[in-house]
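Undergrad:
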Amino acid sequence: MAGKERSEPIRSVEEINEKIKRGDAVVLTAEEMIDLVESGGLEVAAKEVDVVTTGTFGAMCSSGAFLNFGHANPPIKIFKCWLNDVPVYKGLAAVDGYLGATAMSETRGFEYGGGHVIEAFLSGEEVELRGEAYGTDCYPRRHVETTITLDDLNQAVLVNPRNCYQTYDAATNSSDRVIYTYMGTLLPNYGNVTFSGAGQLNPLCKDRYYETIGIGTRIFLGGGVGYVIGEGTQHSPQGGFGTLMVKGDLKQMNSRYLRGASFYRYGTTLYVGVGIPIPIINMKVAETAALRDEDIYVKIRDYGVPLRPDLRPVVREVSYAELRSGKVTINDRDVPSSSLSSYKMALEIADVLKKWIFEGEFLLTEPVEPLPRYREFKPMKLRRRELTVRDLMRRKVVTASPDDDVRVIAKRLVEKGIDHLPVVDRNSRLVGIVTSWDLAKAIAQDRDRLDEIMTRRVITAHEDEPIDVVVRRMTQHNISGVPVVDRARRVVGILTTDDVSRRLVGGR
Amino acid sequence: MRLRLIYSPSVVEKPILATVILKTGVTINILEAKVDAQRGELVVSIPTEGESLQRVIEMFQDAGVEVQLLTKTLQIDLERCTSCGACISPCPTKALRFRSDWTIDFDEERCVACRVCVKACPVKAISIP
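Chains as they are written, first to last, in this note's numbering: chain P, 1 to 508; chain E, 1001 to 1129.
1. Just the C-alpha distance for P:K344 and P:C164, rounded to the nearest angstrom, thanks.
2. When you compare only the Cα positions, how much space is there between P:L323 and P:S339?
3. So with CB distances below 7 angstroms, who are the chain E contacts of P:G100?
4. For P:E211 and P:R22, what's the separation of their Cα atoms in angstroms?
5. Do you know whose CA, among P:P402, P:Q155, P:E119, lies nearest P:L67's CA?
6. Is there a Cβ of chain P sitting closer than 8 angstroms to that of E:L1111, yes or no?
7. Could you tell me the alpha carbon to alpha carbon distance between P:V469 and P:V431, rounded to whole angstroms?
8. Should P:G109 and P:A198 be called a contact, given that it needs their Cβ atoms to be closer than 8 angstroms?
9. Can you find the residues in the same chain that come closer than 8 angstroms, C-beta to C-beta, to P:I433, ignoring five residues on each side of it along the sequence?
10. Between the alpha carbons of E:D1077 and P:Q200, how many angstroms are there, rounded?
11. For P:R395, I'd like the list of residues in its chain whose CB is within less than 6 angstroms of its CB, leaving aside the five on either flank, ordered along the chain.
12. Please state if the CB of P:T53 and the CB of P:A290 are separated by a distance shorter than 8 angstroms.
13. Can you name, in chain order, every residue of its own chain whose Cβ lies under 7 angstroms from the Cβ of P:I215, other than the five neighbours on each side?
14. Mark P:A2 as exposed unless 16 or more other C-beta atoms lie within 10 angstroms of its C-beta, in which case mark it buried.
15. Can you tell me which of P:K381, P:G232, P:Y190, P:R375 puts its alpha carbon nearest to the alpha carbon of P:D332?
16. Going along the chain, which residues of the segment 259-271 of chain P sit with their C-beta nearer than 8 angstroms to a C-beta in chain E?
17. What residue from E:Q1061, E:V1056, E:E1032 has the CA that sits closest to E:R1115's CA?
18. How many angstroms separate the CA atom of E:V1044 from the CA atom of P:R487?
19. Taking DSSP as the reference, what is the three-state secondary structure of P:T365?
20. For P:E15, which option in P:D24, P:E8, P:S7 has the closest C-alpha, if you only look at C-alpha atoms?
21. Taking the CB atoms as reference points, tell me whether P:S105 and P:G113 lie closer together than 8 angstroms.
22. Would E:I1076 count as contacting chain P if we go by Cβ distances under 8 angstroms?
23. Which complete alpha helix (DSSP H) runs does the segment 314-363 of chain P hold, if anything under 4 residues is left out?
24. Counting only beta-carbon atoms, is E:K1119 nearer than 8 angstroms to chain P?
25. Note down, in chain order, every chain P residue with its Cβ under 8 angstroms from the Cβ of E:T1082.
26. DSSP three-state label for P:R259, please.
27. Nearest-angstrom Cα distance between P:L99 and P:A410?
28. Three-state secondary structure (DSSP) at P:P237?
29. In this structure, does DSSP put P:A101 in helix, strand or coil?
30. Determine the direct distance from the alpha carbon of P:P188 to that of P:T329, and round the result to whole angstroms.
31. Between P:P188 and chain E, is the shortest Cβ-Cβ distance under 8 angstroms, so that the two count as touching?
32. What residue does the beta strand (DSSP E) around P:D249 start on, and which one ends it?
33. Apply the 10 Å Cβ neighbour rule to E:S1083 and answer buried if 16 or more other Cβ atoms are within range, or exposed otherwise.
34. Quick one: complete alpha helix (DSSP H) runs, 4+ long, within the segment 1045-1114 of chain E?
35. Cβ of P:E18 less than 8 angstroms from any chain E Cβ?
36. If you reduce the DSSP assignment to three classes, tell me which class P:P483 lands in.
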């Protein structure tokens, strides 16, 4: 079917709302729409179905709430503020604050954060408020400490700058150790794959060309009614990474759909439930509303490489269907895969929204303005060139061969005053490393050849890596030096903690 | 039955496991192993029961290995669990998976109580008593 025909209107949002009010609108969840298209074909489905409901429930770090605490007597212009020891942003008027999901408790750290405070409010708990101020003529009070509940607040408005990622790249880990990330626990040597996103239930996937979702769209947000207030931060539609900025009255929401969470050694966040109705206004929308997990692809990226998100190496492309099957093939091997967002909750949200519409409680809206279909996604501009391994490494490296004699080499280390000795083969490729400690032990144990005592799994660095990253690696492995290798694993230099600390104190 | 075997420095270099297998003919399967010069710790599964199991346990104990029975496995607080799946793929023994309705299914037989899932759960719904 040609593009022009596909965008020909089938029905308007106004007509749909009339049907909703009369109680005869046909509303299906995205899963039911897929089934209908598979059994009856797209044309039939587009003709029959007025609205497709979507849902997603996942960790959305860019979330939080604007709160108004009301004035104390005498009044205070709170300058620093905490709720259950979680810092609240106070660069606003006297008793307004923004509680961010990833703000972490100053007493409980990774365990408890802004997301948990939001959940506590919704569960009806008393939350401890602490405020400090410098005191002014109009706001003389300098300290306040009390407990508050959601009911005590004048306004509590959830305003999430970035929610509802259309799709999100999956994660794996090529390195030799377990890493703990915002994509969960990633086992070494491609031990597992984690992913996020509702795929065939995701709101923006189901209106891929943003024909119905835009500023002003009424949505399900955290169990209450909310609105799309614009594109989300990092909205990057051309790659399939559209995002939404949303708001809604926290007081109408439900802790079932807003859950505080913490990712081990990463930090805290908030699981947010969002559901958006898609009015089937033309064939194009009907077609995208029927997209299946099999049709929606993302990349699997290697989080074992500490690079900017968009530079993390791509292992392969994969569909949500394969991800959701529980195993993904990487290098001809079956690797377990699992989600971080809840498909079960996403289904539930699509169902609840369907019920709201069906019962006439929820009417659809036309966007006041569409979402941008193109946005450049820029990395941070770093003005000062940062130190890389190349800047600090020593290029003159003393090396040895695997068949060298332990005593000869020990003598050489003493003469040169060095501690780390890379062992290389005939083509200068790194095959091991020995330290002065290894040599002392080898002599004590009467060993002869280097290859009897060398460490074969060598932690290395590349010339173009930032110093910070390599120092972190040395700390993690509890070592004091790394050979610097090129892509062919030829030794081109050596970097030790001495080289780094000398630079730090300003020597050389 | 799953056992945790703890080898002290005095026995860590002896081929105790191999001896037990050869003498009893029980095909003991190693699920987890951490061994260094000081200490060894194995989690094994023993595919037998009754007297034969008792004999295996006693042979380890007689050889100086501390034996713990792994009967305590994890508990999932279904009120807190959102069925997100963050615990599933990190589980080394595939003891966690989705049911067809996308709720979490836990297979106690496979669990070795390694606690990976406890760390992986974003809403602290999993605990090991």
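Beta carbons: idealized from backbone N, C-alpha and C, even for Gly.
TA: Let me spell this out:
1. Counting from 1 along the first sequence, the entry for residue 344 of chain P is found at position 344. Counting from 1 along the first sequence, the entry for residue 164 of chain P is found at position 164. Roughly 16 angstroms separates the two Cα atoms.
2. Here residue 323 of chain P is taken as the residue at index 323 of the first sequence, counted from 1. Here residue 339 of chain P is taken as the residue at index 339 of the first sequence, counted from 1. When rounded, the distance between both Cα atoms is 8 angstroms.
3. Mapped onto the first sequence, residue 100 of chain P falls at position 100. Near P:G100 there are no residues of chain E at all, since even the closest Cβ is about 17 angstroms away, more than 7 angstroms.
4. As a first step, residue 211 of chain P must be located in the first sequence, where it is residue number 211. As a first step, residue 22 of chain P must be located in the first sequence, where it is residue number 22. Roughly 25 angstroms between the two C-alpha positions.
5. Looking up residue 67 of chain P in the first sequence gives position 67. Considering only alpha carbons, the answer is P:Q155.
6. In the second sequence, residue 1111 of chain E corresponds to position 111, counting from 1. First, the residue type needs correcting, since residue 1111 of chain E is Cys and not Leu in the sequence shown. No, because no Cβ of chain P sits closer than 8 angstroms to the Cβ of E:C1111.
7. As a working note, residue 469 of chain P is residue 469 in the first sequence. As a working note, residue 431 of chain P is residue 431 in the first sequence. Going by the C-alpha atoms only, they are around 23 angstroms apart.
8. As a first step, residue 109 of chain P must be located in the first sequence, where it is residue number 109. As a first step, residue 198 of chain P must be located in the first sequence, where it is residue number 198. No, the pair does not count as a contact, with Cβ atoms beyond the cut-off.
9. The residue labelled residue 433 of chain P in the question sits at position 433 within the first sequence. Around P:I433: H420, L421, P422, V423, M454, T455, V458, P483.
10. Working through the second sequence from its first residue, we reach residue 1077 of chain E at position 77. Working through the first sequence from its first residue, we reach residue 200 of chain P at position 200. The straight-line gap from Cα to Cα measures roughly 28 angstroms.
11. By one-based count along the first sequence, residue 395 of chain P stands at place 395. Same-chain partners within the cutoff: G493.
12. As a working mapping, residue 290 of chain P is identified with position 290 in the first sequence. As a working mapping, residue 53 of chain P is identified with position 53 in the first sequence. Result no, Cβ atoms of P:A290 and P:T53 do not sit closer than 8 angstroms.
13. Locating residue 215 of chain P in the first sequence gives position 215, counting from the first residue. Here the set comprises V228, I229, G230, P367, V368, E369.
14. As a first step, residue 2 of chain P is located in the first sequence; it is residue number 2 there, counting from the start. With a pLDDT of only 48 at P:A2, under 50, the local geometry of the prediction cannot be trusted, and the value read off the model is given with reservation. Classification of P:A2: exposed, given that the 10 Å Cβ count is below 16.
15. Within the first sequence, the letter at position 332 stands for residue 332 of chain P. Taking only the C-alpha atoms, the option nearest P:D332 is P:Y190.
16. R259, G260, A261, S262, F263, Y264, T269, Y271
17. What you label residue 1115 of chain E is simply residue 115 of the second sequence in a count that begins at 1. If we check each option's Cα against that of E:R1115, E:E1032 comes out closest.
18. Counting from 1 along the second sequence, the entry for residue 1044 of chain E is found at position 44. Counting from 1 along the first sequence, the entry for residue 487 of chain P is found at position 487. Computed Cα separation, rounded: 41 angstroms.
19. Within the first sequence, numbered from 1, the residue matching residue 365 of chain P stands at position 365. Coil.
20. The residue you call residue 15 of chain P lines up with position 15 of the first sequence. P:E15 has its Cα closest to that of P:D24, out of P:D24, P:E8, P:S7.
21. Counting from one through the first sequence, the residue named residue 105 of chain P turns up at place 105. Counting from one through the first sequence, the residue named residue 113 of chain P turns up at place 113. Yes.
22. Residue numbering aside, residue 1076 of chain E sits at position 76 when the second sequence is read from its first letter. Not one chain P Cβ lies under 8 angstroms of E:I1076.
23. 320-324, 343-358
24. As a first step, residue 1119 of chain E is located in the second sequence; it is residue number 119 there, counting from the start. E:K1119 counts as touching chain P.
25. Taking the second sequence and counting its residues from 1, the one referred to as residue 1082 of chain E is at position 82. Within 8 angstroms Cβ-Cβ: F57, R259, Y271, S342, K344, M345.
26. On the first sequence, position 259 is the one that residue 259 of chain P refers to. In the structure shown, P:R259 sits in a strand (DSSP, three-state: E or B).
27. Translated into positions along the first sequence, residue 99 of chain P becomes position 99. Translated into positions along the first sequence, residue 410 of chain P becomes position 410. Their Cα atoms are separated by approximately 60 angstroms.
28. Numbered from its first residue, the first sequence carries residue 237 of chain P at position 237. Correct three-state label for P:P237: helix.
29. Within the first sequence, the letter at position 101 stands for residue 101 of chain P. Three-state DSSP puts P:A101 in coil, outside helix and strand.
30. Start at 1 with the first residue of the first sequence, and residue 329 of chain P comes out as number 329. Start at 1 with the first residue of the first sequence, and residue 188 of chain P comes out as number 188. Cα to Cα, the separation comes out at about 16 angstroms.
31. Here residue 188 of chain P refers to the residue found at position 188 of the first sequence. Judged by the 8 angstroms Cβ criterion, P:P188 is not in contact with chain E.
32. Along the first sequence, one-based indexing puts residue 249 of chain P at 249. That run of the beta strand (DSSP E) goes 244-249.
33. Position 83 of the second sequence holds residue 1083 of chain E. By the 10 Å Cβ count, E:S1083 comes out buried.
34. 1050-1062
35. Stepping through the first sequence from its first residue, residue 18 of chain P is reached at position 18. Chain E, which has no Cβ nearer than 8 angstroms to the Cβ of P:E18, makes this no.
36. The residue labelled residue 483 of chain P in the question sits at position 483 within the first sequence. Of the three classes helix, strand and coil, the one that applies to P:P483 here is strand, per DSSP.
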